[in-house]
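Colleague: Those protein sequences? They're chains A and D, same order as listed. Under the working numbering, the letters of the first sequence match residues 1 to 153, in that order. Under the working numbering, the letters of the second sequence match residues 154 to 350, in that order. Structure in structure tokens, see below.
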Amino acid sequence: MNARRVITRFLLPAGAVALAAALAAVRAQPTGHALDFTTTQYFEPPHQQQVKSILSGAEAVARPGQPYLIHQFRLQTFDVNGRTNMIVTGPECFYNEKACTASSAGPLEVQNGDGSFHVAGDGFLWRQTNSLLTISNNVRTVIKYGAKMTAWP
Amino acid sequence: MNRLWPILLLLLGALPAPAQTNVTTATLPTARGPTLISARTGDFDLNAREAVYRGHVRVDDPQMQLTCEQLSADMPQEGGHVSHIVAETNVVIDFMDNKGLTNRATGDKAVYIYSVQGGVTNETVTLTGDPQPQMEDGQGNTIVGDVIVWDRLSNHWTASNFKIIYRHSLINSPAATNAAPANPPPGTNQPGAPPAR
């Protein structure tokens with residue numbers, strides 16, 4: 001059997017089968033994008049009816065085997081009474097659904113409900129399980145004292 | 154026992170002595186500018202609303218500048234106020250007194266507490282640590298104590314178990330005042346002066 005026959009009879013069909021299998025595998029994984037992405041986390045019992053955090057984005061891109069890419073993300077955390085704790089925003093982040101983390105090397109901003117406590121920084125990791133946000137670089141905080149909060153008479 | 158002994162500092166020289174620490178006089182500003190905190194990294198517990206800043210921490214406030222290596226603070230909710238801040242490791246606080254002189258307080262730890270009890274506002278910064286915290290005024294006089302407390306509303310400082318080191322006595326001591334010239338001319342009599350070495 002010469003080389004041409006080997007290629008024709010065995011290698012080409014095998015390659016076609018392998019290619020088809022690979023394409024099928026790729027199709028099996030979720031891909032594409034979604035607008036108005038939202039994922040909600042609830043408190044543990046006895047406050048399981050209360051929302052603990054909401055991570056949302058203008059657009060979410062699903063990539064095979066990788067975290068979601070969230071554009072224009074917004075993370076809002078609440079206390080058990082439903083009051084806003086903090087609001088985190090940024091141009092984009094990666095959301096790992098399995099690891100329950102969101103991260104980015106880009107900029108972000110954090111502020112409380114009325115903006116009197118405002119934080120900016122570059123690069124972050126948010127751990128959803130314990131609501132811990134780590135800002136990696138260049139952390140700047142501004143604390144404003146409004147008329148209602150000032151201590152001065 | 155740590156009794157807090159009120160001490161008069163130079164910045165108080167230009168201030169009327171307050172009858173109490175919670176002053177409501179017209180000399181205080183009616184509004185306060187923002188406080189800025191910068192650091193290399195930060196951890197923020199979004200549920201407990203606690204922030205921990207690490208690495209070259211700097212606080213800029215209309216009343217003072219503070220630097221340290223680590224600072225933790227609570228994050229207020231809407232309408233709230235930062236009520237607790239702890240600065241640790243190489244804490245340095247620079248502030249201007251009413252004479253325009255820069256004063257410096259140093260310590261291992263500084264704790265800021267803000268509270269309103271019975272309609273009375275309290276706002277203090279307490280310096281502690283080992284070595285003892287100290288404060289140096291714009292003229293070089295230094296106060297060293299176990300605890301140094303700064304009442305931010307009255308701009309009043311207190312210290313416990315303190316000692317004061319006057320720079321004046323070091324520079325203008327009698328021996329130095331009457332000291333002989335460093336290089337007296339040969340043959341010159343210097344009554345009372347020590348023999349030249």
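Cβ atoms here follow ideal geometry from the backbone N, Cα and C, with glycine treated the same way.
Measuring CB to CB, does Arg211(D) end up less than 8 Å from Met228(D)?
Modeller: Translated into the one-based positions of the second sequence, residue 211(D) becomes position 58. Translated into the one-based positions of the second sequence, residue 228(D) becomes position 75. The answer is no: Cβ separation not under 8 Å.
Colleague: Thinking just about the alpha-carbon of each residue, which of Arg185(D), Asn251(D), Asp283(D) and Asn200(D) is nearest to the one in Thr380(D)?
Modeller: Only positions 154 to 350 of chain D appear in this structure, which leaves residue 380(D) out of reach.
Colleague: To the nearest angstrom, how far is it from the Cα of Asn85(A) to the Cα of Val269(D)?
Modeller: Here residue 85(A) refers to the residue found at position 85 of the first sequence. Here residue 269(D) refers to the residue found at position 116 of the second sequence. Cα to Cα, Asn85(A) sits roughly 22 Å from Val269(D).
Colleague: Which class does Arg320(D) belong to by DSSP, given the choice of helix, strand or coil?
Modeller: Looking up residue 320(D) in the second sequence gives position 167. Helix.
Colleague: Is the CB-CB distance between Ser136(A) and Asp122(A) below 8 Å?
Modeller: Working through the first sequence from its first residue, we reach residue 136(A) at position 136. Working through the first sequence from its first residue, we reach residue 122(A) at position 122. Yes. Within cutoff.
Colleague: In the DSSP assignment, the beta strand (DSSP E) including Arg257(D) goes from what residue to what residue?
Modeller: Walking along the second sequence from the start, residue 257(D) turns up at place 104. Per DSSP, Arg257(D) belongs to the beta strand (DSSP E) from Thr255 to Gln270.
Colleague: Check each residue of the region 120–136 of chain A: if its Cβ is closer than 7 Å to any Cβ of chain D, include it; give the result in chain order.
Modeller: Cβ contacts with chain D: Gly121, Ser131, Leu132, Leu133, Thr134, Ile135 and Ser136.
Colleague: Which residue's Cα is closest to the Cα of Gln223(D): Gly232(D), Met217(D), Gln230(D) and Asp196(D)?
Modeller: Within the second sequence, numbered from 1, the residue matching residue 223(D) stands at position 70. Among Gly232(D), Met217(D), Gln230(D) and Asp196(D), the Cα nearest to that of Gln223(D) is on Asp196(D).
Colleague: For the beta strand (DSSP E) containing Gly293(D), name the first residue and the last one.
Modeller: As a first step, residue 293(D) is located in the second sequence; it is residue number 140 there, counting from the start. Segment: none, Gly293(D) is in no beta strand (DSSP E) and carries neither H nor E.
Colleague: In chain D, what lies closer than 9 Å to Val142(A) by C-beta?
Modeller: By 1-based counting over the first sequence, the position of residue 142(A) is 142. Those within 9 Å of Val142(A) in chain D are Pro187, Thr188, Leu189 and Ile190.
Colleague: Given a cut-off of 8 Å, decide if Ser191(D) and Arg140(A) are closer than it, judged by their beta-carbon atoms.
Modeller: Residue mapping note: residue 140(A) aligns to position 140 of the first sequence, counting from 1. Residue mapping note: residue 191(D) aligns to position 38 of the second sequence, counting from 1. Going by C-beta atoms, Arg140(A) is nearer than 8 Å to Ser191(D).
Colleague: What's the C-alpha gap between Leu133(A) and Arg127(A)?
Modeller: Here the question's residue 133(A) lines up with position 133 in the first sequence. Here the question's residue 127(A) lines up with position 127 in the first sequence. Each residue's Cα considered, the two are about 6 Å apart.
Colleague: Can you name, in chain order, every residue of its own chain whose Cβ lies under 6 Å from the Cβ of Arg257(D), other than the five neighbours on each side?
Modeller: The sequence position of residue 257(D) within the second sequence is 104, counting from 1. Once the five neighbours on either side are set aside, the close Cβ partners of Arg257(D) are Asp247 and Glu289.
Colleague: Just the Cα atoms here: how many angstroms apart are His118(A) and Pro46(A)?
Modeller: On the first sequence, position 118 is the one that residue 118(A) refers to. On the first sequence, position 46 is the one that residue 46(A) refers to. When rounded, the distance between both Cα atoms is 31 Å.
Colleague: Contact defined as beta carbons within less than 8 Å: I believe Gln113(D) pairs with Asn112(A). What is the distance between those atoms, to the nearest angstrom?
Modeller: The structure shown does not extend to residue 113(D), since chain D is modelled only from 154 through 350, so no value can be given for it.
Colleague: Please report the residue range of the beta strand (DSSP E) in which Glu231(D) lies.
Modeller: If you number the second sequence from 1, residue 231(D) lands on position 78. Element bounds for Glu231(D): n/a, residue is neither H nor E.
Colleague: Give every residue of the same chain whose Cβ lies closer than 6 Å to the Cβ of Val244(D), excluding the five residues on either side of it in the sequence, and list them in chain order.
Modeller: Within the second sequence, residue 244(D) is the residue found at index 91, counting from 1. Excluding residues within five positions, the ones whose Cβ falls inside 6 Å are Cys221, Gly260 and Ala263.
Colleague: State buried or exposed for Glu276(D), treating a residue as buried only when at least 16 other CB atoms are found within 10 Å of its CB.
Modeller: Within the second sequence, numbered from 1, the residue matching residue 276(D) stands at position 123. Buried, by the Cβ-count rule.
Colleague: By Cβ distance, which residues of its chain are closer than 6 Å to Arg74(A), with the 5 residues on each side in sequence left out?
Modeller: For this step, residue 74(A) is matched to residue 74 along the first sequence. Taken in chain order, the residues that qualify are Ser56 and Thr89.
Colleague: Verify the CB distance criterion: does Ser103(A) have a CB-CB separation below 8 Å to chain D?
Modeller: The residue given as residue 103(A) occupies position 103 in the first sequence. Not closer than 8 Å to any Cβ of chain D, the Cβ of Ser103(A) fails to qualify, so no.
Colleague: Which residues in the same chain have their Cβ closer than 7 Å to the Cβ of His299(D), if we skip the five residues on either side of it in sequence?
Modeller: For this step, residue 299(D) is matched to residue 146 along the second sequence. The residue asked about is misnamed: residue 299(D) is Asp in this sequence, not His. Excluding residues within five positions, the ones whose Cβ falls inside 7 Å are Asn155, Gln285, Ser313 and Asn314.
Colleague: Below 6 Å CB to CB, which residues in the same chain sit around Ile317(D) once its five sequence neighbours on both sides are set aside?
Modeller: As a working note, residue 317(D) is residue 164 in the second sequence. Here the set comprises Ile296.
Colleague: Under the three-state reduction of DSSP, which class applies to Asn138(A): helix, strand or coil?
Modeller: Against the first sequence, residue 138(A) aligns to sequence position 138. Here Asn138(A) sits in strand by DSSP.
Colleague: I'd like to know if Thr281(D) contacts chain E, where contact means its C-beta is closer than 8 Å to some C-beta of that chain.
Modeller: Absent here is chain E; the protein component of the structure consists of chains A and D.
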